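Report on one structure; see the data block that follows.
Written out as structure tokens, the structure reads:
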């Protein structure tokens, strides 16, 4: 990223920034509507699942590297539930944690992160291991903007099931896969939306990502344990649907986009209902002024306004406003008729 500061007078400055290499292009998924409720048993055998396409294979959290064991998901929805099916190839299926709301990612697990409002705030997280032990929690905002996890957010009516093609906790054989099926109550998710909080409308788009935590393991007395090196646990592998770019799932602006269809047909084209590229430019600017190279400018004197020129995106009108609490970045797309605002907490609004 480059920067040029042009001075027209002592009071008139324009900051030129190039964020071209920092723009994230998340994956997308079009969700068909199911015409009947789905029995949650961990399997993909309900006829409704034939209407949903599998996602692309999961990749490493930092980039496009393909893990040696594949993971794919598919989704459906109706007025009552968001349905998720995940297929995880696995040669050694093991799990030890049995109590709800323990730290499930200390086992191999499957995780869902979902933001119905696409505001970067108020998002849910659900984790499940091969014993079908669940951890669900709510975050008011990401940890890097002083977010607070709400551990007592237990989703009433949540349905989960695990199916195992192989054996659980048996190191004497080679397994094939384990699968997770979920029905997440729609009313719990729509409560996280900004108004209106009703059932998704045709074409409504949310943000979502999925993670698979995978540990190297050791055996002791024919039991699985997380592997250690020099007395310390080795770092886990993180495999995701849409790349995060860094080892951190709590960056909602990196998550993929989902679109709700009112048709049972699959493989329909995904069409962004906002200018996704502009949205990602706003997030790139936020990262720079919140905790990046230009953090000092985000802490300027309250009331000051700094115009910004974006290299390669000159049609966007951008300015940084210093406020009592921190800052606000406004990006106006005159062609699309959209104005985006984001503050020092990472809270995104559209006008």
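Residue numbers (the working numbering): 170 to 520.
From the three backbone atoms N, C-alpha and C, an ideal C-beta is built for every residue, glycine too.
Only a predicted model underlies this, so the values are computations on that prediction, with no experimental measurement involved.
- Judged by DSSP in its simplified three-state form, residue 225 adopts coil rather than helix or strand.
- Bounds of any beta strand (DSSP E) do not take in residue 484, whose DSSP letter is neither H nor E.
- Around the beta carbon of residue 194, fewer than 16 other beta carbons lie within 10 angstroms, which makes this residue exposed.
- Residue 328 is positioned such that its CB atom lies no closer than 8 Å to that of residue 498.
- Between the alpha carbons of residue 517 and residue 290 lies a distance of about 8 Å.
- CA-to-CA, the gap between residue 255 and residue 285 works out to about 20 Å.
- Rounded to whole angstroms, residue 371 and residue 324 show a C-alpha spacing of 25 Å.
- Between residue 270 and residue 320, the gap from beta carbon to beta carbon is short of 8 Å.
- The C-alpha of residue 185 is placed about 18 Å away from the C-alpha of residue 468.
- Bounds of the alpha helix (DSSP H) holding residue 450 are 445 to 460.
- Taking C-beta atoms under 8 Å as the contact rule, residue 388 and residue 444 fail to qualify, at a distance of about 52 Å.
- CA-CA distance, residue 207 to residue 201, rounds to 14 Å.
- Beta-carbon to beta-carbon, residue 279 and residue 381 are separated by about 6 Å, close enough to satisfy the 8 Å threshold.
- When only Cα atoms are considered, residue 384 and residue 257 end up about 14 Å apart.
- Inter-residue distance for residue 441 and residue 504 is about 16 Å (C-alpha atoms, whole angstroms).
- Closest in C-alpha terms to residue 377, from the list 295, 447, 236, 249, comes 295.
- Of the residues 433, 422, 427, the one whose Cα lies closest to the Cα of residue 454 is 422.
- In terms of Cα proximity to residue 493, the closest of 274, 302, 474, 326 is 474.
- A distance below 6 Å between beta-carbons, with the five flanking residues on each side excluded, links residue 363 to the following residues of its chain, in chain order: 286.
- Scanning 427, 480, 519, 457 for the CA closest to the CA of residue 513 turns up 457.
- Within 10 angstroms of the beta-carbon of residue 428 lie 16 or more other beta-carbons, which makes it buried.
- Annotated three-state conformation of residue 499 is strand, per DSSP.
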